Amino acid sequence: MVTIEKLTQSHWQEIAAIFKEGIQTKNATFRTQVPSWEEWNASHHQHSRFIAEEVKEVVGWCAIAPVSIRFEYRGVAEVSVYVKQGVVGKGIGSLLMEAAIQSSEEKGIWTLYSSLFPENEASVKLHLKYGFRKIGYREKIAQLDGVWRDTVLYERRSKKQQLL
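The opening position of the sequence shown corresponds to residue 1342 in the working numbering, with each subsequent residue numbered one higher.
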């Protein structure tokens, strides 16, 4: 049975290992190294960060990060969902996305955003399943290992009316 729990610093070693797996796929992020806990923690909201745990093992994580420090964009966040390679296809990404959406809406986030490699079909399908819509395409936006890569932009507007 998979449970969803709040992500804390005590989970960092397992989270970092899953993050590293994502980096190694070359289809999850432009990053080539896992950041330190301090860097990662400082760049993400303190809320809406979760782990998926199966038999006391972290098998996935999600978190949201502000897209801007400007006040006007306080309700817009980038969502990240990472699932351990050996458990992909078991619905863990869905459990994490559901938790991120529910928590982010409770905390006043009105738009979730993602920038995905189009080759990352599992992530694209996950986002579409949860109401994200394609809003753009960035051609050769950055290099990964010396190769120019494209990304596709997706966003999800909260269905809740929120006044902050």
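For every residue, glycine included, the Cβ atom is placed at its ideal position computed from N, Cα and C. Quick caveat: nothing in here was measured; it's all calculated off a predicted structure.
- For T1366, no beta strand (DSSP E) encloses it; the enclosing alpha helix (DSSP H) starts and ends at 1353 to 1366.
- When the five nearest sequence neighbours on each side are left out, the beta carbons in the same chain lying within less than 6 Å of the beta carbon of Y1471 are those of M1438, in order along the chain.
- The beta carbon of D1491 is closer than 8 Å to those of F1458, P1459, Y1478, R1479, E1480, K1481, I1482 in its chain, skipping five residues each way along the sequence.
- When the beta-carbon positions are compared, W1381 and A1393 stay at least 9 Å from each other.
- The three-state reading of DSSP puts V1465 in helix, counting H, G and I together.
- In this structure E1395 is in contact with V1343, their Cβ atoms being roughly 5 Å apart against a cut-off of 8 Å.
- E1496 sits in a strand when the DSSP states are folded into three classes.
- By the CB criterion at 9 Å, K1475 and Y1495 fall inside the cutoff.
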